[in-house]
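Here the structure is laid out as structure tokens; the discussion comes afterwards.
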Amino acid sequence: MKPLIGITTNQSKNANGQPTVMLMQSYINAVMQAGGVPVLIPSMIHNDGWDALYARLDGVLFSGGGDIALEHFPGDSHPRIDDVDPERDSVELKMIQTAAEDGKPFLGICRGCQVMNVALGGTLYTHIPDQLANALDHSYPGNMRTVLVHEVKIEEGTRIAEVMGDPILKVNSLHHQGLKDIAPSLRVAGIAPDGLVEAVELPDHPFALGVQWHPEWLTDQEPTQNLFRKFVEVAGK
0 MKPLIGITTN QSKNANGQPT VMLMQSYINA VMQAGGVPVL IPSMIHNDGW DALYARLDGV
60 LFSGGGDIAL EHFPGDSHPR IDDVDPERDS VELKMIQTAA EDGKPFLGIC RGCQVMNVAL
120 GGTLYTHIPD QLANALDHSY PGNMRTVLVH EVKIEEGTRI AEVMGDPILK VNSLHHQGLK
180 DIAPSLRVAG IAPDGLVEAV ELPDHPFALG VQWHPEWLTD QEPTQNLFRK FVEVAGK
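In numbering that gives the first Met the number 0, the protein residues as written are 0 to 236.
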């Protein structure tokens, strides 16, 4: 049986203003190419439905999206904070805390990496350009999803180094927030040239990795293929 990989989603509206659940197809493609079966997780799911769905999943992919509400971490208010979804925050924070405890494999991408840090006790830069000295431009427009804009140095001896197999990665970048104080239980696994942490992991967990870039758009690269394959492989055990 192929492993079931839950993927978190955004709440949005279509052109007629009707509520929708939205997810970029690139996440679905990446999971399927790696041998998994994608299952969408609606953020408005209630607790009893959450428990039933979570129990059936073999792994969880926390996708990109809007910003996390400041009520969940001590961060600076900023006018660029946008697209906050309280229901999504609640579901994802609970899910990461549960998966960290019970060993269910998970992968956090962009927002998902940030939720991982906040869920386990870390904080965020709420707008990198105004809060990190000499910061690179990390917030490129959405039409540059496959353009590699900066390097990430992968730390030796980390799980991400083992999985991706390359000490220096060229990555895309689509975020204006970033990891600030790293959660006590997390290990730094990748750093951008400006010092911003771009990858973290939970040691002694079957698979708990977070990356700040968007590997789902880079599945033509071998390191990215390795990342998704290993995630799905561990989820299937």
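The beta-carbon is built from N, C-alpha and C at its ideal position, and this holds for glycine as well.
Buried or exposed (CB count within 10 angstroms, at least 16 for buried), residue i
| i | result |
| --- | --- |
| V146 | exposed |
| S172 | buried |
| N116 | buried |
| D57 | buried |
| M0 | exposed |
| D66 | buried |
| D88 | buried |
Residues near residue i in its chain [Cβ-Cβ closer than 8 Å; skip 5 each side]
| i | result |
| --- | --- |
| E150 | I167, L168, K169, V170, A191 and P192 |
CA-to-CA distance, residue j to residue i, given in whole angstroms
| i | j | result |
| --- | --- | --- |
| E197 | G16 | 35 Å |
| A98 | G5 | 12 Å |
| P128 | L226 | 29 Å |
| W49 | V59 | 13 Å |
| I44 | A54 | 14 Å |
| A118 | S184 | 11 Å |
| L3 | V231 | 9 Å |
Start and end residues, alpha helix (DSSP H) containing residue i
| i | result |
| --- | --- |
| M115 | R110 to A118 |
| K12 | K12 -> not in any alpha helix (DSSP H); beta strand (DSSP E) instead, spanning N9 to K12. |
| R228 | E221 to A234 |
| A132 | Per DSSP, A132 belongs to no alpha helix (DSSP H) and is neither H nor E. |
| P85 | P85 to D101 |
| L52 | N46 to R55 |
Chain-order list of residues whose beta-carbon lies under 7 Å from that of residue i (same chain, five-residue window excluded)
| i | result |
| --- | --- |
| R240 | This structure does not reach residue 240, given that the chain is present from 0 up to 236, and the question cannot be answered. |
| Q247 | Nothing in the structure corresponds to residue 247, since the chain is present only between 0 and 236. |
| P41 | T8 and V20 |
Limits of the beta strand (DSSP E) - the one that residue i falls within
| i | result |
| --- | --- |
| R144 | From DSSP, R144 is part of no beta strand (DSSP E); its letter is neither H nor E. |
| M21 | P18 to M21 |
The stretch 96-106 in contact with the stretch 150-164 per 3-pair CB rule at 8 Å: no
Segment contact, 8 Å Cβ cut-off, at least three pairs: the stretch 30-41 with the stretch 77-84: no
Sufficient close CB pairs (3 or more, under 8 Å) joining the stretch 175-185 to the stretch 113-124: yes
Three or more C-beta pairs below 8 Å linking the stretch 107-114 and the stretch 208-215: yes
Cβ contact check for the stretch 68-76 and the stretch 25-32: 3 or more pairs under 8 Å: no
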